[in-house]
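For reference, the structure discussed in these notes is given below.
Numbering (full-length UniProt numbering), first residue to last: 1 to 210.
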């Protein structure tokens with residue numbers, strides 16, 4: 001009599017109950033997988049990972065409290081061999097790049113979960129990486145781009161919040177001319193013609209949160 005292979009033990013981390021229920025239903029229909037725990041934020045994810053030490057973790061990035069990126073870094077800091085697949089609605093290159101640099105080995109768009117979830121879990125569990133072609137293509141398009149400095153990211157965040165140059169200068173304790181210099185650099189780096197376009201591009205690429 002052949003001995004059954006152990007099931008792939010999965011931890012699901014997402015703050016949307018409908019998505020968690022959907023994933024749980026899909027995994028429950030598979031003979032080689034089991035959902036061992038569900039978390040709604042990064043803090044819960046870390047605690048449950050420590051308790052269950054799953055084979056695969058499905059990790060959302062945008063959550064209340066500790067976000068997915070911080071949770072990935074913390075988990076991999078304690079468990080270097082953890083296999084984490086990012087679940088996200090965003091195709092932006094910066095978000096994907098940050099997640100992969102943090103140590104995620106899979107990247108899955110929520111719009112493709114129904115079609116690609118099971119294959120991705122098996123692929124990553126087998127020791128491989130998974131990045132969707134459309135995400136890999138966007139990363140490749142921007143690989144040579146200059147990255148925004150921390151100061152530029154702060155300025156861009158304020159621009160996205162509707163702040164004027166004067167208000168940004170007051171808030172950050174810098175001169176208006178310095179703000180204008182940062183804005184000019186931001187426009188050049190993201191290839192935008194004006195402030196509004198820069199914000200739209202930055203949100204699409206995941207440079208700043210939508």
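Just so you know, even glycine gets a beta-carbon here, dropped at the ideal spot from N, CA and C.
Computed from a prediction, not measured in an experiment: that's the story for all the values here.
request  = Tell me whether residue 207 sits in a helix, a strand or coil according to DSSP, three-state version.
outcome  = Within the chain shown, residue 207 is the residue found at index 207, counting from 1. Three-state result, residue 207: coil.
request  = Assess, as a yes-or-no matter, whether the segment 95 to 103 is touched by the segment 75 to 87 under the definition of 3 or more beta carbon pairs within less than 8 Å.
outcome  = Yes: the two stretches touch, three or more of their Cβ pairs being nearer than 8 Å.
query = I think residue 202 touches residue 156, with their Cβ atoms under 8 Å apart; what is that distance to the nearest whole Å?
reply = Working through the chain shown from its first residue, we reach residue 202 at position 202. Working through the chain shown from its first residue, we reach residue 156 at position 156. Right, the Cβ-Cβ distance comes to about 6 Å (below 8 Å), so this counts as a contact.
query = Just checking my contact of residue 206 with residue 60 at CB under 8 Å: how many whole Å lie between their CB atoms?
reply = As a working mapping, residue 206 is identified with position 206 in the chain shown. As a working mapping, residue 60 is identified with position 60 in the chain shown. At roughly 14 Å, the Cβ-Cβ gap does not stay under 8 Å, so residue 206 and residue 60 are not in contact.
ask   = Is it true that the CB of residue 55 sits closer than 7 Å to the CB of residue 9?
value = Looking up residue 9 in the chain shown gives position 9. Looking up residue 55 in the chain shown gives position 55. Cβ atoms of residue 9 and residue 55: closer than 7 Å.
Local conformation of residue 125 per DSSP, three classes = Locating residue 125 in the chain shown gives position 125, counting from the first residue. Note: residue 125 maps to helix in three-state DSSP.
query = Using the C-alpha atoms, what's the distance from residue 115 back to residue 238?
reply = No statement about residue 238 is possible, as the shown extent of the chain runs from 1 to 210 and does not include it.
ask   = Is residue 112 buried or exposed, if buried means 16 or more other CB atoms sit within 10 Å of its CB?
value = The residue you call residue 112 lines up with position 112 of the chain shown. Exposed is the call here.
query = Whole alpha helix (DSSP H) runs in the UniProt domain "Response regulatory" (9 to 125) with 4 or more residues, listed along the chain?
reply = 17 to 28, 42 to 52, 68 to 78, 93 to 102, 113 to 125
message = With a threshold of 8 Å, are at least 3 pairs of Cβ atoms found where one atom belongs to the segment 160 to 170 and the other to the segment 135 to 148?
response = no
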